[in-house]
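Engineer: Under the working numbering, the residue at position 34 of the sequence shown is numbered 34, and the numbers go up by one with no gaps.
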Amino acid sequence: MNPRIKQALLWLVTIALLGGCVYALYATGFFQTLHSRSAMEAYIAQFSPWSHLMYFVIQLISVIVAPIPSNITALVGSVMFGFWPAFLLTWGAVVLGSVIVFLLARVLGHKFVHQFVSEKVSGKYLDVIQRKRDVFLFLAFLFPFFPDDLLCILAGLTDLSLKRFLILCLVARPWGLLVACGVGGSALSIPPWAMVLMGLIGLAVFLVAMRYGDKVEQAILQRMNKD
1 MNPRIKQALL
11 WLVTIALLGG
21 CVYALYATGF
31 FQTLHSRSAM
41 EAYIAQFSPW
51 SHLMYFVIQL
61 ISVIVAPIPS
71 NITALVGSVM
81 FGFWPAFLLT
91 WGAVVLGSVI
101 VFLLARVLGH
111 KFVHQFVSEK
121 VSGKYLDVIQ
131 RKRDVFLFLA
141 FLFPFFPDDL
151 LCILAGLTDL
161 SLKRFLILCL
171 VARPWGLLVA
181 CGVGGSALSI
191 PPWAMVLMGL
201 IGLAVFLVAM
211 RYGDKVEQAI
221 LQRMNKD
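#1: Please determine, among A42, L108, L162, the residue with the shortest C-alpha to C-alpha distance to M80.
#2: By the 10 Å Cβ neighbour count, where 16 or more other Cβ atoms means buried, how is A16 classified, buried or exposed?
#3: Do you know how far the Cα of F112 is from the Cα of L9?
#4: Give the straight-line distance between the Cα atoms of F102 and H114, rounded to the nearest whole angstrom.
#5: Expressed to the nearest angstrom, what Euclidean distance is found between the alpha-carbon atoms of L188 and H110?
#6: Can you give the beta carbon distance from L177 to S70, rounded, assuming they're within the 8 Å contact cut?
#7: Can you look up L34 in the DSSP assignment and give me helix, strand or coil?
#8: Can you tell me the Cα-Cα spacing of S186 and K6, whole angstroms?
#9: Quick one: residues in its chain with C-beta nearer than 8 Å to the C-beta of L168, no 5 flanking neighbours on either side, listed in chain order?
#10: So, is K163 buried or exposed, given that buried needs 16 or more other C-beta atoms within 10 angstroms?
#11: Taking the beta carbon of V171 as the centre, do at least 16 other beta carbons fall within 10 Å, making it buried, or is it exposed?
#12: Which of helix, strand or coil does DSSP assign to Q115?
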């Protein structure tokens, strides 16, 4: 088979599968639960005894294609399943989803990537990822104001090896999820003063990210471009 035809078929099948996953969530009413933690809990619980698997699938899809906030669903999962099960399921889903989009971008190229990443975002980050790779991706995965899921797709267009990308995901991506699961997880015994402290720290990080996120992001990009 002609390589171009083969790639086009693979591209169409991939888009169809991803679209099917999103439609399945829509048809079963998942997106109507995003405004309410209790509604999301009820949605996931209805799939018992497969609720853990459904939770994993939701987290996986949130990385690959759907606009689902992983930290919010991580908090819901920790309330339902406890801290460690929710964290491990979320971490596994986020890492697997990151690897999937990385490989899809590598195999299907720019045409596939631009279905998810705008030319503006691609032009802003791709050159830095190509030149700074490990350092930039590590920082981007740690800081809350970078579009880390989109950066995973763009990383697939570079010569970064899958092994190095996987290590970066395993090391840098879980920290925000760890906090989200820790706040909601009944498995952790956290005294009231610690909960208050965590809440204040979280609020401070959120406010700083909202107020200075663009400036910090731009400063990092400028520093990367100078080096």
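Note that the Cβ used here is the ideal one computed from N, Cα and C, for glycine as well.
Structural biologist: Well, looking at it:
#1: Position 80 of the sequence shown, counted from the first residue, corresponds to residue 80. Among A42, L108, L162, the Cα nearest to that of M80 is on A42.
#2: Along the sequence shown, one-based indexing puts residue 16 at 16. Result: exposed.
#3: The residue given as residue 9 occupies position 9 in the sequence shown. The residue given as residue 112 occupies position 112 in the sequence shown. For L9 and F112, the distance between alpha carbons rounds to 12 Å.
#4: On the sequence shown, position 102 is the one that residue 102 refers to. On the sequence shown, position 114 is the one that residue 114 refers to. When only Cα atoms are considered, F102 and H114 end up about 13 Å apart.
#5: Numbered from its first residue, the sequence shown carries residue 188 at position 188. Numbered from its first residue, the sequence shown carries residue 110 at position 110. Only weak support exists for where L188 lies, its pLDDT of 47 falling under 50; the value from the coordinates is given anyway. So the alpha carbons of these two residues sit roughly 44 Å apart.
#6: Position 177 of the sequence shown, counted from the first residue, corresponds to residue 177. Position 70 of the sequence shown, counted from the first residue, corresponds to residue 70. Sure, about 7 Å apart at Cβ, within 8 Å.
#7: As a first step, residue 34 is located in the sequence shown; it is residue number 34 there, counting from the start. Coil.
#8: Position 186 of the sequence shown, counted from the start, is the residue given in the question as residue 186. Position 6 of the sequence shown, counted from the start, is the residue given in the question as residue 6. Low local confidence applies: a pLDDT of 48 at S186 is under 50, so the model's placement there is unreliable, and no value is given.
#9: For the purposes of this step, residue 168 is taken as the residue at position 168 of the sequence shown. Excluding its 5 nearest sequence neighbours in each direction, L168 has C-beta neighbours in its own chain below 8 Å: D134, L137, F138, F141, listed in chain order.
#10: Taking the first residue of the sequence shown as 1, we reach residue 163 at position 163. Exposed: under 16 other Cβ atoms inside 10 Å.
#11: The residue given as residue 171 occupies position 171 in the sequence shown. Classification of V171: exposed, given that the 10 Å Cβ count is below 16.
#12: For the purposes of this step, residue 115 is identified with residue 115 of the sequence shown, where counting begins at 1. Note: Q115 maps to coil in three-state DSSP.
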